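Reading the sequence shown from the start, the letters are residues 5 to 338 in the numbering used here.
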Amino acid sequence: MAIQLKPVSRQTVVITGASSGIGLATAHAFAAQGAKVMLAARDDRALEEVAHQIKAKGGQAAWVAADVGKREDVQRIADKAIEHFGGFDTWVNDAGASIYGQLEEVSDADNHRLFDTNFWGVVYGSQIAVRHLKQRGGALINLGSVASDVSLPLQGMYSASKHAIKGYTDALRLELEQEGAPVSVTLIKPHSVATPFAQHAKNYTGREQTLPPPVYRPEDVAAAIVHAAAHQERDIYVGGAGKVMSSFNQNFPSSVDWISRRTMAEMQQRKKIDTTREDGLNQPGEGGHIEGAYPDRHPRHTRYTPMSLHPVMTGMLAAAAGIATARMVRGRHH
Numbered sequence: 005m006a007i008q009l010k011p012v013s014r015q016t017v018v019i020t021g022a023s024s025g026i027g028l029a030t031a032h033a034f035a036a037q038g039a040k041v042m043l044a045a046r047d048d049r050a051l052e053e054v055a056h057q058i059k060a061k062g063g064q065a066a067w068v069a070a071d072v073g074k075r076e077d078v079q080r081i082a083d084k085a086i087e088h089f090g091g092f093d094t095w096v097n098d099a100g101a102s103i104y105g106q107l108e109e110v111s112d113a114d115n116h117r118l119f120d121t122n123f124w125g126v127v128y129g130s131q132i133a134v135r136h137l138k139q140r141g142g143a144l145i146n147l148g149s150v151a152s153d154v155s156l157p158l159q160g161m162y163s164a165s166k167h168a169i170k171g172y173t174d175a176l177r178l179e180l181e182q183e184g185a186p187v188s189v190t191l192i193k194p195h196s197v198a199t200p201f202a203q204h205a206k207n208y209t210g211r212e213q214t215l216p217p218p219v220y221r222p223e224d225v226a227a228a229i230v231h232a233a234a235h236q237e238r239d240i241y242v243g244g245a246g247k248v249m250s251s252f253n254q255n256f257p258s259s260v261d262w263i264s265r266r267t268m269a270e271m272q273q274r275k276k277i278d279t280t281r282e283d284g285l286n287q288p289g290e291g292g293h294i295e296g297a298y299p300d301r302h303p304r305h306t307r308y309t310p311m312s313l314h315p316v317m318t319g320m321l322a323a324a325a326g327i328a329t330a331r332m333v334r335g336r337h338h
């Protein structure tokens, strides 16, 4: 069966991690285009407020408190969407968390909790969503990261979870294509995004954590997700820096390792001592905020991503990347 995605204005969309950051920006972006949204996260009070804001602007929204690390909770999200809206057309697996700390220092319990949320939350959401979408067609959108391609020191287990999400998403896409299922599967790969991500992360370092520059606007990721709901895309990089970093790592991994060893740990920390000790890994972080506090990082708008989603520009960008890579390769052999 051919994949036919509805216009966004005619869709019902399920969004996990919808109480803050990318998920919250995505909920507002879909609602602004007329989609019905089913919001899910652990913070019920934040979800209720988000749903109220959307309804106040004339949109349609419902919510359910759920921990995506539990299959039964994820099933409740789907059941609620079917009960309230009669089904759904797009499912966005956005919920995620991170840990800042050396791999040898982080507890097994925290590592398991991170994988429960980041990886198993995507697996449960994907399986439950696909079962429904096979019957009516639609889009599954999973949130990966540039860390799906390039590992980050101090966020080693987060990187591992995002690598796992990429592997799972790619394999699921292939199986659905072999089956001829009418389901589009997209992996979104943002570079650093100015959400409360760093403030919500579990922190073992003792210093305030931040994001490696450049940092992009959450609304840019939301726009990419909305695009994927109506257009069949395999991968979408949000932020040209992420695409360059991934491409460079694919072609020159030792060089990227050299750079990361010398710069990446410091780019993820401030000199100030962390006094907040927020643990959004094991309990909900403060919801209701799209952006986090990054006084040393000015969020930028990505020009690369909208261009990459235009068919003509995609070919031009691919050709330019090929030429640049060929020049670098020639340079190394002369």
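Where a beta carbon is used, it is the ideal one built from N, C-alpha and C, also for glycine. Treat the numbers as computed from the prediction; the structure is a model and nothing was measured.
- With 16 or more neighbouring CB atoms inside 10 Å of its own CB, Asn-122 falls in the buried class.
- Excluding residues up to 5 positions away in sequence, Gly-73 lie with their Cβ nearer than 6 angstroms to the Cβ of Asp-120 in the same chain.
- With a cutoff of 7 angstroms on beta-carbon distance, His-293 and Ser-102 are scored as not near each other.
- Counting the other CB atoms within 10 Å of its CB gives Leu-156 a total of 16 or more, which places it among the buried residues.
- In the DSSP assignment, Ile-145 falls within the unbroken beta strand (DSSP E) covering 142 to 147.
- Separation of Arg-274 and Ile-263 (C-alpha to C-alpha, rounded to the nearest whole angstrom) is 19 angstroms.
- Straight-line spacing of the CA atoms in Thr-199 and Ala-113 works out to 25 angstroms.
- Counting only runs of at least 3 residues, the segment 91 to 125 fully encloses the following beta strand (DSSP E) elements, listed from N- to C-terminal order: 94 to 97.
- Excluding sequence positions up to five before and after Gly-160, its CB lies within less than 6 angstroms of the CB of Leu-107, all in the same chain and listed in chain order.
- Secondary structure of Val-127 (DSSP, three-state): helix.
- Rounded to the nearest whole angstrom, the CA to CA distance from Ser-259 to Asn-253 is 8 angstroms.
- Of the residues assessed, Glu-87 falls on the exposed side of the cut-off, its CB having fewer than 16 other CB atoms within 10 angstroms.
- Residue range 160 to 183 is occupied by the alpha helix (DSSP H) that includes Thr-173.
- Leu-137 and Lys-61 have their C-alpha atoms spaced approximately 29 angstroms apart.
- A contact is defined here as three or more CB-CB pairs under 8 angstroms, and the segment 48 to 55 meets this definition with respect to the segment 11 to 27.
- Between Lys-84 and Gln-64, the C-beta gap is not smaller than 7 angstroms, which leaves the two residues out of contact.
- Val-68 carries a strand assignment under DSSP once its states are collapsed to helix, strand and coil.
- Residue Thr-190 holds the alpha-carbon nearest to the alpha-carbon of Leu-144 among Thr-190, Ala-164, Ser-165 and Gly-171.
- With respect to the 7 angstroms criterion, Ser-188 and Gln-236 are classified as neighbours on the basis of their beta carbons.
- Straight-line spacing of the CA atoms in Ala-69 and Asp-77 works out to 8 angstroms.
- Judged by their CB atoms, Val-242 and Thr-309 are nearer to each other than the 7 angstroms cut-off.
- Less than 7 angstroms divides the Cβ of Val-18 from the Cβ of Phe-92.
- A contact between stretches requires three or more CB pairs, one per stretch, nearer than 8 angstroms, and the segment 204 to 218 meets this requirement with the segment 283 to 301.
- The C-beta distance from Ile-192 to Ala-228 rounds to 6 angstroms, short enough to meet the 8 angstroms contact threshold.
- Counting along the chain, the unbroken beta strand (DSSP E) around Ala-45 starts and ends at 40 to 45.
- In the assembly as shown, Met-249 is a buried residue. Its beta-carbon has 16 or more other beta-carbons within 10 Å.
- Taking the CA atoms as reference points, Arg-14 sits about 15 angstroms from His-32.
- Taking all protein chains shown into account, Met-5 has fewer than 16 neighbouring C-beta atoms within 10 Å of its C-beta and is therefore exposed.
- In the displayed model, Lys-61 falls within coil according to three-state DSSP, outside both helix and strand.
- Under the DSSP assignment, Arg-211 falls in the beta strand (DSSP E) whose first and last residues are 211 to 213.
- Excluding residues up to 5 positions away in sequence, Lys-166, Lys-193 and Pro-194 lie with their Cβ nearer than 7 angstroms to the Cβ of Ser-149 in the same chain.
- Within the same chain, Cβ atoms closer than 8 angstroms to the Cβ of Gly-210 are found at Ile-277 and Asp-278, the five residues on either side in sequence being excluded.
- The beta strand (DSSP E) runs of length 3 or more contained entirely in the segment 225 to 300 are, from start to end of the chain, 239 to 242 and 273 to 277.
- Nearest to Met-268 by alpha-carbon distance, out of Asn-97, Ala-205, Ser-196 and His-305, is Ser-196.
- In the three-state DSSP reduction, Thr-16 falls in the strand class (E or B).
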